[in-house]
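Following: one structure in structure tokens, then a few remarks.
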Amino acid sequence: MSHPHLPEAGKRLPVTTYRLQLNADFTCADAVGVLDYLTRLGVTDIYLSPILQAAPGSTHGYDVVDHRHIWREIGGREAFEELARQAHKRGLGVIVDVVPNHMAVPTPVWHCRAMWSVLKRGPESEYANWFDVEVNEPILMPILGSRIGQVLSAGELELVQIVVPTEPERGKQWVLRYFDHVFPVAEGTESLPLEVLVERQHYRLAHWKVASEELNYRRFFDVGTLAGIRVELPEVFEATHALLLEEFRNGYIDGFRVDHPDGLADPRGYFRALSKATGGAWIVAEKILEADEQMPSDWPVCGTTGYDTAWRLNALNVKQSAALSLGAVMTEVTGDSPSKYADLVRQAKEQIIDTSLAAEVHRLGNIIWNICLQDFRLRDHTFRGLIECLRTLIVEMDRYRAYVVPSEPASSLARAVVEGAARRARKQIPEDLSDTMDVIVALVLGDEIGSAGNYESQAQRDEVIIRFQQVCGAVMAKGVEDTAFYRWTHLLSLTEVGSDPQKFGISVDEIHRHGAYISEQWPATMTCGSTHDAKRSEDVRARLNTLASFPEKWAQLVEDMRAQTAEYRPRDLDGRSEYIIWQTLVGTWSDRGPIGFERLKEYLLKAAREQKTWTSWTSPDTAREGRLVEFAERVLADPQIGKLVAGWRKETSGATSVAILATKALQLTMPGVADLYQGSEVVGTNLVDPDNRRPVDFAGLSRSLRRLEEGASPETLDEQKLDVVRKILALRAKFPQVFVSASSAYWALPVSTSHALAFARGIEKAQVVVIAARNFAKKDNWDSHTVGIPKGEWVSIFSGSRCAGGVRSLAEVLGESAVEILVGTEMDVVS
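Under full-length UniProt numbering, the residue at position 625 of the sequence shown is numbered 625, and the numbers go up by one with no gaps.
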């Protein structure tokens, strides 16, 4: 019997993927140029960012405008197919990122044929059912710099005739032009007075500030230029996936990564459709799992994109006993208390609900209110009471969604999630709203309430179930990851996608439980370290984790740096922003020195605006931002700061090397398909996007790899990491079944110290042994600690040295290394 979460027989199963970010500066032709390097590195599959036609100037491809074409800026269909041919010629598979949740609303809108048609023709458009909009309402287009009356009075809105570039066959068309924005004009309205004409369109032009309260289409989170589409409708699924599936059937694509499925109306239904259309291809979902959450087992996918493993491997290198010490430093600099994280998250989610996602919450609230108004037994529940209960319930949801499906009884897990949130929410609302909360809970769980099934609002009740889950996911993403994570500075390495900063480190036993679980349940899931979505690269996180190994020295360093900069530190410098500077400085200061000022500046401005406390994207305090940036520039230029950081780096260099090398080795040997983000085979300093999409020096990487291939010893930490990666990838490529298969197992091995861990991988018996150091400050007492290695003869993939199984000292096995990987001598060992 085949495993339910493996590709069907005959479908490709990747072993090691390598993520490439395609855009106008790195095209399909450029990707062809790095295939030989990737093959030498040991990669088995290239993993491409979205390839469908994106909006003008896109740097990432997630803003799709036309599903009928492959992105012209990366070379179009011919170039993509040539990339696939060249990859397959070298034995490399091709994995493609799919964006089913949304399309771009570009400037001008004509670049998105579907949206242009809907705005022009309304319900008569062939794309009328594509977008998740309020029916019978003009679609809100909040792009005006001032209110509509002021725009008209100023003569800023013009009626002109042009040839629309995407519809040249129609000749000249009447359009409304507002600076760079161009909108279609409904046929028959072009001769009306301008004010009347504007009112008669299938869209409503409005001041940009109106969006947060009145937007009437679902977005990707709170991004107004990314409009949700309805792939739950078969005709929309087929139209938006036709080209990708054609390329799959023609052999150019081998598998898919699916972006943000939690935004969809029916994630399970979507994956069933995609799996059926591909005959059971390798598909992974970008699913963010909370600490105790498991992937829905009824999704026909091979697993997640790896955030669940990434945060655990990161937390494994955080010394739990340092929580109080580092908390004291945070309090000293920022005033935040380590015990107040839950309050901070609640406040952030409330702020998001009341501001950038207010339209979505009110849209959902209106549906619930209408249900109550139409039901004799529910009509006494007021709109205010319903909104207060709904708002509080969403805030108390502890995960993206509960996976309730209309017309199906809620699962016991879904019920526990929603009812648990309701219990917490009841503590926040007046007692007399308790029965109103009952109504909300019953509706989002699909339970009967009100007139005992004798109602005419079933479609609305189904919509409540769907929209509640979509809104919960958006609030989690924007409230926690994109707000609270920028406010919480206890240890920045823990504020990462999929992480819970309250889990200040985890035990070896916890990582073993995770390894055994995914080996059994999700053997072909993805594991990752760095990603295009990460707030910091795996190596920046590893450097930051050393703060927990040297908490007293870190406290002293912060005190010294603050004293050194006191004279030029702005009086209104926000404590959180200041502490982000100090951590970012040591997290990104590599052997090449600090990151450049422009990179630090852009990161700090993004971090400050995402905090949404004293500045934001919608209301930037540019004067205060300027003082923050000037302070950061002076910090970088201060030679005494350089000396202080140099001292810290000297003190922590051993721990940093161990954390970087061991974490990467563990990620590459845990169960699942191992992914490398472009350039992460050497030590990186990437920060949040767009910083992590900077060009990669593939020529330099190839030269370094060649040097190692020719037998040179690694001289730098970059080369040490590259050497670890290439040797493990060679092992994975030679023995894929040991790492990614239904029969591959994971066994924890006994180690006598908490500063190391060990496990074995293999089929029926241990064939590969992994031993790694962790929470490392200095090598002492290695001689007095042991690891239990399974019986047999073993050989190191790094040194070629041999040893027998049994209880061995860590000094003997690890020596001066961060990690050791042993292979049974009965296997044809990779040299």
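Where is the CB? At the ideal position from N, CA and C, for every residue including glycine.
Please read these numbers as outputs of a predicted model, since none were measured by experiment.
If you draw a straight line from the Cα of Leu274 to the Cα of Arg693, it comes to about 29 Å. Residue state for Arg68 is assigned as strand, using DSSP reduced to three classes. No Cβ-Cβ contact shorter than 7 Å links Trp554 with Leu544. Under the DSSP assignment, Cys372 falls in the alpha helix (DSSP H) whose first and last residues are Ala358 to Gln374. Counting along the chain, Pro142 sits inside the beta strand (DSSP E) bounded by residues Ile139 to Leu144.
Shown here, Ile466 sits in a helix according to DSSP, grouped into three states. The count of Cβ pairs closer than 8 Å, one atom from the stretch 721-734 and one from the stretch 564-575, stays below three, leaving the stretches out of contact.
For the pair Met115 and Tyr203, the CB atoms are not nearer than the 7 Å cut-off. Distance from the CA of Lys643 to the CA of Asp560, rounded to the nearest whole angstrom, comes to 11 Å. Ala359 is not a Cβ neighbour of Ser590, given a cutoff of 7 Å.
DSSP places Ile162 within a strand segment (E or B) once states are collapsed to three. The count of Cβ pairs closer than 8 Å, one atom from the stretch 654-665 and one from the stretch 507-514, stays below three, leaving the stretches out of contact. Under the 10 Å beta carbon count, Thr436 is surrounded by 16 or more other beta carbons and is classified as buried. Per DSSP, Val751 lies in no alpha helix (DSSP H) and is assigned neither H nor E.
Annotated three-state conformation of Val151 is helix, per DSSP. Rounded to the nearest angstrom, the gap between the Cα atoms of Ile763 and Ser741 is 9 Å. Taking C-alpha positions only, Glu158 is separated from His207 by approximately 16 Å. Annotation: Thr825 is outside any beta strand (DSSP E) and is labelled neither H nor E by DSSP. In the DSSP assignment, His181 falls within the beta strand (DSSP E) that extends over His181 to Pro184. No Cβ-Cβ contact shorter than 7 Å links Val696 with Gln667. By the neighbour-count definition (other C-beta atoms within 10 Å, threshold 16), Ala154 is an exposed residue. About 5 Å separates the beta carbons of Val395 and Lys349, which is inside the 8 Å limit, making them a contact pair. Within the stretch 563-611, the alpha helix (DSSP H) runs of at least 4 residues that lie entirely inside it are, in chain order, 575-588 and 597-611. A straight-line Cα-Cα distance of about 19 Å links Val404 and Ala477. In this structure Thr685 is buried. Its beta-carbon is surrounded by 16 or more other beta-carbon atoms within 10 angstroms. The Cβ-Cβ distance between Ile465 and Pro409 does not fall below 7 Å.
When the alpha-carbon of Ala665 is set against those of Val819, Glu134 and Trp282, the nearest one is in Val819. Around the beta carbon of Ser784, a 10 Å sphere encloses fewer than 16 other beta carbons of the protein chains shown; the residue is thus reported as exposed. Here Tyr62 carries a coil assignment [DSSP, helix/strand/coil]. Under the Cβ criterion (8 Å, minimum of three pairs), the stretch 94-109 counts as touching the stretch 225-240. Buried is the label assigned to Asn314, since at least 16 other Cβ atoms lie within 10 Å of its Cβ. Your pair Phe735 and Met827 checks out as a contact, with CB atoms roughly 7 Å apart and the cut at 8 Å. Excluding five sequence positions before and after Ser549, the CB atoms of its chain that fall closer than 8 Å to its own CB belong to Lys319, Ala322, Thr652, Ala655, Asn775, Phe776 and Ala777, given in chain order. Secondary structure note for Gly700: its alpha helix (DSSP H) is the uninterrupted segment Phe698 to Glu709. Taking all protein chains shown into account, Gly255 has 16 or more neighbouring C-beta atoms within 10 Å of its C-beta and is therefore buried. Taken atom to atom, the span from the alpha-carbon of Val98 to that of Trp782 is near 48 Å.
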